[in-house]
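Participant: Before anything else, here's the structure in question.
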Amino acid sequence: MDVTLRQLAAYAAVARAASFTAAAADMHVSQSSLSRAVADLERTLGMRLLERDTRNVQLTPAGAEALRIADQILSAHRAGLAQLGRYVSGERGTVALSTLPSVAAVLLPPVISAFRARRPEVTVRLLDGLERPVLERVVDGDADFAVSTVARRTAGIRLRPLVRDRFDAVLPEHHPLAEKPEVSWADLGREPFLAVGADSSVRRMTDAAFAQAGLSADPAAEASSVATVGGLVAAGLGVSAMPALVHPLVPPGKLVRRPLVEPVVERRLHVVLPARRALPPGARRFLEQLEELRDAGHGLPDGVFWEDGEA
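So in the working numbering, spot 140 of the sequence shown is number 150, and the numbers just go up one at a time.
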């Protein structure tokens, strides 16, 4: 049945005004075009909806039912267009953001809070994990964009610098190295070193730093969670090295941090965007919120610094 919204709107206007002349004026169309739209609707439905004479327009019983249904359809159409408009403007929808646990837990909460205050109808989904699956989600389309380290250039993504954070030595409270203002990687290499898992971007960087210092990177023990590593250090089982953004994830306890030198190692985190796919409106607004906080110099933990957003 080929019934158009234009026909339904024309019919509803005439039925409510009980006049073709008044309805045409309300809709800013000619009376003849309005009459044709109603006649076409009656022809399509195969029934008379209006009784007409020279002065009055009255609904038939079928016309009354048609008006009820037409109102429902037109109302749903208006509501749908309003929802679509809010989606297009970034006022509703879902943002799927893939990221590292430290970014999800430390960097993003103030961004999410400010974003939700402005756009409460947008749901934010954080997909946290290790670097490789974080990047794969962007390439595969499972995430709109990511905030992550990037070990090497990967096809299908483009990068914007966001933050960098410095690696610190993490030591038991009364460890002899805690008396030094700075600790070298060679210092750490002479102690039992507690590492995060081999598939972590943090582990990749600590291994590289030890190699640069001419040392073996063989850990005394390793755990997948930085919180677990922090607990082992606090228990006096060894020392570790972590980037500054990770420190809030380590439970408070008998730990001290000292800047690591020789070499100084910084981790760089990027906004990772799909190379050939436009961001959905809500994701674009979320990224704008993140960059707004960066441009305003929003406070970061010690040892974490905003980067210029230009690649």
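C-beta atoms are modelled at their ideal positions from N, C-alpha and C, and glycine is treated no differently.
Does the separation of the CB atoms of Ala27 and Ala33 fall below 8 Å?
Facilitator: Taking the sequence shown and counting its residues from 1, one reaches residue 27 at position 17. Taking the sequence shown and counting its residues from 1, one reaches residue 33 at position 23. Closer than 8 Å, so yes.
Participant: Spell out a yes or no on whether the region 82–89 and the region 258–271 are touching, meaning 3 or more CB-CB pairs, one atom from each, closer than 8 Å.
Facilitator: No, they do not touch.
Participant: Rounded to a whole number of angstroms, what is the C-alpha to C-alpha distance between Leu287 and Ala237?
Facilitator: Mapped onto the sequence shown, residue 287 falls at position 277. Mapped onto the sequence shown, residue 237 falls at position 227. Looking at the sequence itself, residue 287 is Arg, so the reference to Leu does not match. Approximately 36 Å, taken between the alpha carbons.
Participant: Rounded C-beta distance between Met276 and Arg174? I'm assuming under 8 Å.
Facilitator: Here the question's residue 276 lines up with position 266 in the sequence shown. Here the question's residue 174 lines up with position 164 in the sequence shown. Note on residue identity: the sequence assigns Glu, not Met, to residue 276. Indeed, because the Cβ distance is near 5 Å, the residues count as touching under 8 Å.
Participant: Provide the residue(s) that pair with Glu298 in DSSP beta bridges, ordered along the chain.
Facilitator: On the sequence shown, residue 298 is found 288 positions in, with the first residue counted as 1. Partner(s): none; Glu298 has no beta bridge.
Participant: Less than 8 Å between the beta carbons of Ser210 and Ala156, yes or no?
Facilitator: Indexing the sequence shown from 1 puts residue 210 at position 200. Indexing the sequence shown from 1 puts residue 156 at position 146. Contact flag unset, no.
Participant: Which stretch, first to last residue, makes up the beta strand (DSSP E) that contains Ser3?
Facilitator: Any property of residue 3 remains undetermined from this structure, which presents the chain solely from 11 to 321.
Participant: Under the rule that 16 or more other beta-carbon atoms within 10 Å means buried, what is Pro111, buried or exposed?
Facilitator: The residue labelled residue 111 in the question sits at position 101 within the sequence shown. Its Cβ being crowded by 16 or more others within 10 Å, Pro111 is buried.
Participant: If you follow the beta strand (DSSP E) that Ser158 is in, where does it begin and where does it stop?
Facilitator: Along the sequence shown, read from residue 1 onward, the residue named residue 158 stands at position 148. Its beta strand (DSSP E) spans residues Phe155 to Ser158.
Participant: Which residue comes first and which comes last in the alpha helix (DSSP H) that contains Val98?
Facilitator: As a working mapping, residue 98 is identified with position 88 in the sequence shown. Run containing Val98: Pro71 to Val98, per the alpha helix (DSSP H) assignment.
Participant: How many whole angstroms separate the CB atoms of Met252 and Asp178, which I take to be in contact at a CB cut-off of 8 Å?
Facilitator: Translated into the one-based positions of the sequence shown, residue 252 becomes position 242. Translated into the one-based positions of the sequence shown, residue 178 becomes position 168. Confirmed, about 6 Å.
Participant: Could you pull the start and end residues of the beta strand (DSSP E) that Val281 belongs to?
Facilitator: As a first step, residue 281 must be located in the sequence shown, where it is residue number 271. Glu276 to Pro284 is the extent of the beta strand (DSSP E) around Val281.
Participant: Figure out for me which residue from Ala72, Trp316 and Leu283 has the closest Cα to the Cα of Gly151.
Facilitator: The residue you call residue 151 lines up with position 141 of the sequence shown. Measuring from the Cα of Gly151, the nearest candidate turns out to be Leu283.
Participant: List in chain order: all unbroken alpha helix (DSSP H) runs of 4+ residues lying wholly within the region 203–228.
Facilitator: Listed in chain order, the complete alpha helix (DSSP H) runs (minimum 4 residues) inside the region 203–228 are 211–222.
Participant: Decide if Ala165 is buried, meaning its Cβ has at least 16 other Cβ atoms within 10 Å, or exposed.
Facilitator: The residue you call residue 165 lines up with position 155 of the sequence shown. Result: exposed.
Participant: Identify the residues that DSSP records as bridge partners of Phe177: which are they?
Facilitator: Sequence index remark: in the sequence shown, residue 177 carries index 167 (1-based). DSSP lists Pro253 as partners of Phe177.
Participant: Bridge partners of Phe333, per DSSP?
Facilitator: Coverage of the chain is limited to positions 11 through 321, which leaves residue 333 absent and any answer about it impossible.
Participant: Buried or exposed: where does Leu60 fall if 16 or more other Cβ atoms within 10 Å of its Cβ makes it buried?
Facilitator: Counted from its first residue, the sequence shown places residue 60 at position 50. The residue is buried, with at least 16 neighbouring Cβ atoms inside 10 Å.
Participant: Determine the contact status of Ala25 and Leu91, defining contact as a CB-CB distance below 8 Å.
Facilitator: Mapped onto the sequence shown, residue 25 falls at position 15. Mapped onto the sequence shown, residue 91 falls at position 81. Their beta carbons are not under 8 Å apart, which means Ala25 does not touch Leu91 by this criterion.
Participant: Are Asp217 and Ala230 close, meaning C-beta to C-beta below 8 Å?
Facilitator: For the purposes of this step, residue 217 is taken as residue 207 along the sequence shown, with counting starting at 1. For the purposes of this step, residue 230 is taken as residue 220 along the sequence shown, with counting starting at 1. Result no, Cβ atoms of Asp217 and Ala230 do not sit closer than 8 Å.
Participant: Opposite Ser194 in the DSSP bridges: which residues?
Facilitator: In the sequence shown, the residue the question calls residue 194 occupies position 184. For Ser194, which the question treats as bridged, DSSP gives the partners Val271.
Participant: So the candidates are Arg295, Leu270, Leu300 and His280; which of them puts its Cα closest to the Cα of Gly313?
Facilitator: Start at 1 with the first residue of the sequence shown, and residue 313 comes out as number 303. Of the candidates Arg295, Leu270, Leu300 and His280, the one whose C-alpha sits nearest the C-alpha of Gly313 is Leu270.
Participant: Using alpha carbons as the reference points, say which of Arg213, Met215, Glu183 and Val121 lies closest to Ala306.
Facilitator: Counted from its first residue, the sequence shown places residue 306 at position 296. Nearest option by C-alpha distance: Val121.
Participant: What do you reckon, are the CB atoms on Leu255 and Pro202 nearer than 8 Å?
Facilitator: Counting from one through the sequence shown, the residue named residue 255 turns up at place 245. Counting from one through the sequence shown, the residue named residue 202 turns up at place 192. No, the Cβ-Cβ distance between Leu255 and Pro202 is not below 8 Å.
Participant: DSSP three-state label for Val266, please.
Facilitator: For the purposes of this step, residue 266 is identified with residue 256 of the sequence shown, where counting begins at 1. Correct three-state label for Val266: strand.
Participant: Ignore the nearest five residues each way along the sequence and tell me which others in Gln77's own chain have a CB closer than 7 Å to its CB.
Facilitator: Residue mapping note: residue 77 aligns to position 67 of the sequence shown, counting from 1. Rather than Gln, the amino acid found at residue 77 in this sequence is Leu. Hits under 7 Å: Ala22, Ala25 and Leu69.
Participant: Going by the DSSP bridge assignment, what does Val134 pair with across the sheet?
Facilitator: Stepping through the sequence shown from its first residue, residue 134 is reached at position 124. Answer is Val105.
Participant: Give me whichever residues DSSP pairs with Ala231 in a beta bridge.
Facilitator: If you number the sequence shown from 1, residue 231 lands on position 221. Paired residues: Leu204.
Participant: In whole angstroms, what separates the C-alpha of Arg304 from that of Leu172?
Facilitator: Mapped onto the sequence shown, residue 304 falls at position 294. Mapped onto the sequence shown, residue 172 falls at position 162. If I take the Cα positions, the gap works out to 8 Å.
Participant: Could you pull the start and end residues of the alpha helix (DSSP H) that Val314 belongs to?
Facilitator: Here residue 314 corresponds to residue number 304 of the sequence shown, with the count starting at 1. Note, Val314: premise wrong, no alpha helix (DSSP H); beta strand (DSSP E) at Val314 to Trp316.
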